[in-house]
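Below is one structure, written out as structure tokens; comments come after it.
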Amino acid sequence: MLAEQIFAYAILGLGSGALFAGTGLGVVLSYRGSGVINLATGAIAMLSGYCYWALATGEFGVTFATPLAVVLTLLFSVVLGVAFELGVVRPLRRQPPLAKLVATLGVLLSAQAAIVLAFGDTAHPQPSILPGGVVTLFGVTIPDYDIWMAAIVLAVTLLLAAGYRWTRFGLGTRAAAENEAYATLFGLSPNRYSMGNTVLMALAMGLVGLLAASINEVDPITLVLYIVPALAAAMFGRLTGFTTTYVAGLVIGMAESVLVFLGGQSWFPTSNGGPLPGVDELLVLVVLVVATFFRAGKIPSRGDIVERRLPRAPRPVAPLRTAAIFVPIAAVAMWALPFGFREGLITSCIFAISLLSLVVVTGYLGQLSLVQLGLAGVAGFLVSHLFTNFGIGFPWAAIVGVLAAAALGVGFGFPALRVRGVQLAVVTLAATVALETFWFSNGTWGAGVLGAPVPAPSLFGFSFGTNASFHGLGGGEPSPLFGWFCLIVLTVVALLVANLRRSRLGQQMLAVRANERAAAASGVNVRNVKLTGFGIAAGIAGVCGVLLSYSYGSITASSFSALIAVALVAFVYITGITSVPGGIFGGVIYVGGLFAYALLDWFGLQGNWLNLAVGFLVVMSLVSRPEGGATFLFYGKRPSLWPRASKDPQGKMPAGGVVNDEGEQQMERSLAPVEVEVPS
Amino acid sequence: MTAALEAVGISVSFGAVRALQDVDLAVDQGKLVGLIGPNGAGKTTFVDAITGFVQASGSVRLEGREISSLPPHRRSHLGLARTWQTIELFDDLTVRENLAVAGGRPSLPSSFAEIVFGRQPRAERLAEEVLGLLDLEGIAEEMPSDLSQGRRKLVGIARALAGKPSLLLLDEPAAGLDTNESRDLGRRLRRIVDGGLPTLLIDHDMGLVLGICDEIYVLDFGKLIARGTPEEVRRHPDVLAAYLGKSAAEVEPGASKVGAAWAAVAEGAAEQ
Chain A
1 MLAEQIFAYA ILGLGSGALF AGTGLGVVLS YRGSGVINLA TGAIAMLSGY
51 CYWALATGEF GVTFATPLAV VLTLLFSVVL GVAFELGVVR PLRRQPPLAK
101 LVATLGVLLS AQAAIVLAFG DTAHPQPSIL PGGVVTLFGV TIPDYDIWMA
151 AIVLAVTLLL AAGYRWTRFG LGTRAAAENE AYATLFGLSP NRYSMGNTVL
201 MALAMGLVGL LAASINEVDP ITLVLYIVPA LAAAMFGRLT GFTTTYVAGL
251 VIGMAESVLV FLGGQSWFPT SNGGPLPGVD ELLVLVVLVV ATFFRAGKIP
301 SRGDIVERRL PRAPRPVAPL RTAAIFVPIA AVAMWALPFG FREGLITSCI
351 FAISLLSLVV VTGYLGQLSL VQLGLAGVAG FLVSHLFTNF GIGFPWAAIV
401 GVLAAAALGV GFGFPALRVR GVQLAVVTLA ATVALETFWF SNGTWGAGVL
451 GAPVPAPSLF GFSFGTNASF HGLGGGEPSP LFGWFCLIVL TVVALLVANL
501 RRSRLGQQML AVRANERAAA ASGVNVRNVK LTGFGIAAGI AGVCGVLLSY
551 SYGSITASSF SALIAVALVA FVYITGITSV PGGIFGGVIY VGGLFAYALL
601 DWFGLQGNWL NLAVGFLVVM SLVSRPEGGA TFLFYGKRPS LWPRASKDPQ
651 GKMPAGGVVN DEGEQQMERS LAPVEVEVPS
Chain B
1 MTAALEAVGI SVSFGAVRAL QDVDLAVDQG KLVGLIGPNG AGKTTFVDAI
51 TGFVQASGSV RLEGREISSL PPHRRSHLGL ARTWQTIELF DDLTVRENLA
101 VAGGRPSLPS SFAEIVFGRQ PRAERLAEEV LGLLDLEGIA EEMPSDLSQG
151 RRKLVGIARA LAGKPSLLLL DEPAAGLDTN ESRDLGRRLR RIVDGGLPTL
201 LIDHDMGLVL GICDEIYVLD FGKLIARGTP EEVRRHPDVL AAYLGKSAAE
251 VEPGASKVGA AWAAVAEGAA EQ
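Line by line, the protein sequences are chains A and B. The letter at position 117 of the first sequence is residue 117 when you use the numbering used here, and the numbering goes up by one with no holes. The letter at position 205 of the second sequence is residue 205 when you use the numbering used here, and the numbering goes up by one with no holes.
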């Protein structure tokens, strides 16, 4: 009986498994076509899904028959693909992989914001495009469409695999990925192949959006976050194998479905009466980590013509003097501004701290970590639970929270010793999702759905929480006392991060960022420097989490969601990921911050308009001002902020290789000494 | 006196390819030793093996201390410094900072002081000194990418010197330099070695190597085929064969036209 039930649930998981697999195919297509690790594939599927829903349900006043709606939706996805290619992939062709990945994060953010603005964030039911019968298999009755979905995606997978192996297009794509320069010399146009692959990716995502109609209602989140299991599947396929990706996606879907069944069993761990939440996200994380460790090493890298790197991290000239100018202004503003603006300023201060943590880990150390917000959440939840469970308040709870975040950050740093920048981004994205669902949403050690209370901070009986009685000139809550508290903390953190850049530890981080082999040869212990950097960055993130929990007075899982983590990275890339001003100004323009409140108050623009704009802005700034606006303002006097590609006529070894993994990277070139012409 | 570097039986394999077989090499105190060989002979692999960047068997002793089981950064701490054929500067740091990274390990308290109190790192004066040694004053605040190829090469050497090493390994420092630059480099290297730093020099510029080295080793297909003074190496039949692609029997040292031409090249270099 049990085996039969497990089997039934596994088959029921075919549907979502097919969607994971389909989204994974999109990731593979993007990577093969242009070397982009495309985190926006799920978002593109979501856009197509909304298109189908709108056409099929008459959202725009005209209701189309299902077949026509399907055709129109696929056309729409082709248009999306062309736009994605021309607007994102092509302008960023010469950018480092990390910049490409951040650009796709921007697209994800824009797509999501656009949908929320247009249709709101509630889910809508939609007609299925598949027949709705049932079939009995080994005595188990299951709906048809799960099997249909798996079969359709399988057909697509096989077509793609065959096409890449045997057609000229597939051959050309492989050639262009292998060595762009040679492919061009042979008369192939890498641009055309890139376009072809991107359109194929968009078509596949259109199909995923359509198929999803059978098992999901359309909403702006579900399909977007399918990217996480899809990435796990694609990693198993080394970002290039269609069939492996398909199988892995299907297996993940089936395993999640079986977990739902197991969740109903009496022995399954429970939390507040329900089965333990987040186990499936944890499963995806484990799959992804396994895939990254055992498969990703063999992901073929691309033979792009130029590899550009992260923008330069300028050395701060006089951080104290800069602070002496800006801090008093902010302090007076805290006191004088009306409460709405004051709240915006406080939020800006708090998120600036989390962005400074990204400045350390990405700007200085060169590792893109999307788990910083999750680490902030760890600290925040500890502050809440230390109080409710043990009665520990400020400052001890805050200190424990920050230290715990730092320790966990070092823990997350260990995988980063093995995986490179872009893959780390993928793993940490999954970690953020898993932290949110498994820890923060958990009723016992997280916040459940209601939120966990956080006491106002006070020292020696003097409270300086948001509800302190001092209200300043602007009046209302949050109290300027809390604002000043946040401002002081931000100032201290910012000065530390600036000093870090000037210290020898910071120089070692940048040396590691630039070239791990040469750093090791210069006596830098690459492993320790990385772990220290992760620890420092995580501690800073923890500070942000503590302040966030104090500012809300209670803490919920949704404050630390993966989508917010993604948005933070996009914002700080616009202002500058490599400098302290970049981090701080990123906080100023961040959603919910000072600038966003001004937009709302003066123009009635919701935060989602800002998110929508940021997606576009991040692509634009990556192309035109990669060091970021604020970094440019503060340090832009020098003529070249971006390290130019080496002019070494003999070509350059790939910089930043991991120590000890490639043996002799290059054979000696010219045999210079004796080219003897025999005198006659 | 213990040798600055004593490598015994160094072998490296990449899969089925044996890149180095049983190579013995020693660098005595105060000596400038050359390592030459045709393309693919394994010279860079040898440097990688000594510095710990490839898996190698054999024994490596630095001033008598066995270091073959240590990771690269530990070898560096013990006084082993190298440059790279492809330069490999830290492109995100200024020249001064490049040197500062190599100039010493920050201790925990000093890191703390630098980050919390904003104290400036102390490696700066040392950097100035080393730059002076290579006539590189005035570029301390430049970014490596703004420098010419020749300058970048020199900065690479300066960075290796900044760690106050006890042995210097130079991998093709003259590649890409013109004749004048190469001659300048030779003079500077001699000055550095005479100042007491034993050095192993790998280069394709025969003029440079034959002109300034005290002793020369010759590698071919991963095996040591000759060792001796520049004069001895220049006349060694196996060396001529390796470079000119003829078997030893065909080449009569000093007699054949080819040999004469080769000797002329070497002679010209020696006059520098």
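By construction, the Cβ of each residue, glycine as well, lies at the ideal position given by its N, Cα and C atoms. In this text, all values refer to a predicted model and were calculated from it rather than measured experimentally.
query	result
Would you mind working out which of A:THR578, A:GLY475, A:VAL258, A:ALA406 sits nearest A:PRO316, comparing C-alpha positions?	A:THR578
Looking at the secondary structure, which residues open and close the alpha helix (DSSP H) in which A:PRO581 lies?	580 to 589
Please decide whether B:LEU161 counts as near chain A, where near means a Cβ-Cβ distance under 9 Å.	no
For A:SER559, does the three-state DSSP call read helix, strand or coil?	helix
Quick one: list the residues of chain A neighbouring B:ALA241, beta-carbon separation under 8 Å, in chain order.	Simply none; closest approach about 12 Å.
With 16 as the cutoff for other CB atoms within 10 Å, does A:LEU2 come out buried or exposed?	exposed
List the whole-angstrom C-beta distance separating B:ILE216 from B:GLY228, where the pair is believed to meet the contact cut-off of C-beta under 8 Å.	7 Å
Quick one: what does DSSP say B:LYS164 is sitting in, helix, strand or coil?	coil
Buried or exposed: which applies to A:GLN95, given that a residue is buried once 16 or more other Cβ atoms fall within 10 Å of its Cβ?	buried
When you compare only the Cα positions, how much space is there between A:GLY663 and A:PHE534?	Unreliable positioning characterises A:GLY663 in this predicted model, as indicated by a pLDDT of 33, which lies under 50. The coordinate reading is nonetheless provided below. The straight-line gap from Cα to Cα measures roughly 28 Å.
Counting only runs of 3+ residues fully inside the stretch 127 to 185 of chain A, write out the beta strand (DSSP E) ranges in chain order.	134 to 137, 140 to 143
Going along the chain, which residues of the stretch 87 to 101 of chain B sit with their C-beta nearer than 9 Å to a C-beta in chain A?	ILE87, GLU88, LEU89, PHE90, ASP91, ASP92, LEU93, THR94, GLU97, ASN98, ALA100, VAL101
Given A:LEU547, which residues of its chain have a CB within under 6 Å of its CB, disregarding the five upstream and five downstream residues?	ILE350, CYS486
What residues from chain A crowd round B:VAL116, counting only those whose CB sits closer than 8 Å?	LEU496, ASN499
Using three-state DSSP, classify A:ALA397 as helix, strand or coil.	helix
In its own chain, which residues sit with a C-beta less than 7 Å from the C-beta of A:LEU12, not counting the 5 before and 5 after it?	ILE142, ASP146, SER257
Report, in whole angstroms, the separation of the C-beta atoms of A:GLY249 and A:PRO269, which I expect to be a contact under 8 Å.	Actually they do not touch by this definition, with Cβ atoms about 27 Å apart.
Can you confirm whether B:PHE221, when its beta carbon is compared against all beta carbons of chain A, has any partner nearer than 9 Å?	no
Are the CB atoms of A:ALA313 and A:LEU473 nearer to each other than 9 Å?	no
Below 7 Å on C-beta distance, what does A:SER522 contact in chain B?	SER76, VAL101, ALA102, ARG159, GLY163
How many whole angstroms separate the CB atoms of A:ILE555 and A:SER357, which I take to be in contact at a CB cut-off of 8 Å?	18 Å between Cβ atoms; not a contact.
When you compare only the Cα positions, how much space is there between B:SER57 and B:THR83?	22 Å
Could you give the DSSP three-state label for A:ILE11: helix, strand or coil?	helix
Using the three-state DSSP reduction, which class does A:PHE60 fall into: helix, strand or coil?	coil
Buried or exposed for A:GLN423, please, with buried defined as at least 16 other CB atoms from any protein chain shown within 10 angstroms of its CB.	buried
At a CB-CB cut-off below 9 Å, which residues of chain A make contact with B:THR229?	Residues of chain A passing the Cβ test: none, with the nearest at roughly 18 Å.
In chain B, what lies closer than 7 Å to A:ASN525 by C-beta?	HIS73
By Cβ distance, which residues of its chain are closer than 8 Å to A:LEU459, with the 5 residues on each side in sequence left out?	PHE394, PRO395
Between which two residues does the beta strand (DSSP E) containing B:SER59 stretch?	57 to 62
Count Cβ pairs between the stretch 39 to 56 of chain B and the stretch 167 to 184 of chain B that sit closer than 8 Å; are there 3 or more?	yes
Three or more beta-carbon pairs under 8 Å between the stretch 337 to 349 of chain A and the stretch 509 to 520 of chain A, yes or no?	no
Can you check whether the CB of A:GLY49 is closer than 9 Å to the CB of A:LEU231?	no
Got a sec: is the Cβ-Cβ distance from A:PHE16 to anything in chain B below 9 Å?	The question names Phe, but residue 16 of chain A is Ser in the sequence shown. Not an interface residue.
For A:TRP166, is the classification buried or exposed, using 16 other Cβ atoms within 10 angstroms of its Cβ as the cut-off for buried?	exposed
Please return the same chain residues whose Cβ sits closer than 6 Å to the Cβ of A:ALA498, not counting the five positions on each side in sequence.	PRO316, PRO319, VAL580
If you draw a straight line from the alpha carbon of A:ARG174 to that of A:SER194, how long is it in whole angstroms?	11 Å
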